[in-house]
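Quick note: the sequence shown uses the UniProt record's numbering, first residue 1, plus one each step.
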Amino acid sequence: MMNPLTSFGSNSKSNSNQNFSRSISLSIFDRNENEISIQTNLIEPIQLIIPRDPNLIIPSMILQNVTSTNNNTPHNQLFYLNYINITNNITVSIHFEVHPFNISLAYLFIYKFDQTPLLNSSINLIDGWTLFCPSNLTNENIDKYFVNNQQTSDHQSLIFGLRKLNSIEIIEFCSNSSYTNPPITDERFNFTSNYELRIYTSGCYYLDSNNNWKSDGLIVGSLTNHYETECFATHLTTFAGGFIVLPAPIS
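Right under this line is the structure:
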């Protein structure tokens with residue numbers, strides 16, 4: 001059964017997390033119409049696709065004027081860094097969308113929870129990384145990256161950085177899918193083209209016995225997009241998906 005989202009429970013902080021969602025209730029009954037309790041695990045979870053409100057308007061991407069920072073950064077600054085606040089009483093996934101103005105360029109993306117990421121020839125202090133290569137662009141010329149709600153759990157902030165790859169790095173790393181470590185340099189960044197950025201969070205929630213939204217035992221899937229949330233659950237109940245586009249990150 002799928003209905004527009006109903007009550008949010010007594011926890012007012014969770015109200016915004018389920019904006020633009022639908023709630024989905026799933027139950028299994030035996031031949032005598034008695035409800036059967038279904039329990040599984042996160043190795044073989046139940047997959048749910050929860051649609052958002054069709055009237056949802058996706059905010060425009062935000063221009064990142066990174067070329068203007070080339071001459072205004074400390075000499076040891078290797079990445080263009082941004083800070084986002086992810087403090088939340090229920091867990092969320094984070095979705096990054098980058099639209100490069102020059103689609104032939106490639107970027108290294110790194111991040112660290114709750115502190116500044118560092119990556120150079122002598123230190124590797126990051127929680128994750130990826131490459132944005134021209135071959136990975138979507139049909140809308142957008143690079144995407146996803147951090148699920150298990151990874152963000154118990155963290156208050158995320159700082160991420162981008163730097164442009166040089167031509168040798170593009171050839172070496174973007175044409176080779178077998179790399180296991182990120183490209184490393186000690187040269188300060190120098191951007192030759194700007195890009196646009198959009199960051200949004202999503203979540204998977206269920207109503208507990210007290211009619212409060214909870215997120216334990218639920219994982220946001222990588223198929224989540226602007227229009228629906230993919231959720232993996234270990235039980236059946238009433239579910240909802242979240243969606244919030246974050247404001248411009250702090251440089």
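From the three backbone atoms N, C-alpha and C, an ideal C-beta is built for every residue, glycine too.
Extent of the continuous beta strand (DSSP E) run through residue i
i    : result
T238 : 238-245
T130 : 128-132
H137 : In the sequence as presented, His is not what sits at residue 137; that position holds Leu. Element bounds for L137: n/a, residue is neither H nor E.
Y107 : 107-113
Q77  : Note, Q77: premise wrong, no beta strand (DSSP E); not H, not E.
I62  : 62-64
Beta-bridge pairing of residue i - partner residues as DSSP gives them
i    : result
R198 : E97
V147 : I94
Q47  : F232
N82  : F160
V220 : C231
N124 : L119
I250 : Y83
Y205 : A240
Buried or exposed by the 16-neighbour rule on C-beta atoms within 10 Å, applied to residue i
i    : result
E140 : exposed
I103 : exposed
N85  : exposed
I250 : exposed
P117 : buried
S14  : With a pLDDT of only 37 at S14, under 50, the local geometry of the prediction cannot be trusted, and no value is derived from it.
L125 : exposed
R31  : exposed
I50  : buried
S178 : exposed
L236 : buried
P183 : buried
L218 : buried
N138 : Note that residue 138 is Thr in the sequence shown here, rather than Asn. Exposed, by the Cβ-count rule.
I199 : buried
I170 : buried
T192 : exposed
N210 : exposed
Same chain only: Cβ atoms within 6 Å of residue i, ignoring 5 sequence neighbours per side
i    : result
I142 : E97, H99
T201 : V92, I94, I244
N11  : Here N11 scores only 39 on pLDDT, less than 50, and its place in the model is too uncertain to base an answer on.
T224 : S202, E230
V220 : S93, N148, N149, S202, C204
F160 : N82, Y111
Start-to-end residues for the alpha helix (DSSP H) that takes in residue i
i    : result
F189 : Counting along the chain, F189 falls outside any alpha helix (DSSP H), and DSSP gives it neither H nor E.
E172 : 167-174
Cβ neighbours of residue i in the same chain (closer than 7 Å, five flanking residues each side left out)
i    : result
F132 : V98, A106, Y107, F109, D143
Q64  : N194, Y195, E196, L197
S60  : none
T69  : Y80
Contacts around residue i, its chain only, beta-carbon distance under 8 Å, and the 5 residues preceding and following it disregarded
i    : result
S135 : C174
S222 : F146, N148, E230
H155 : I86, F113, D114
D127 : Y111, K112, F113, P117, Q151
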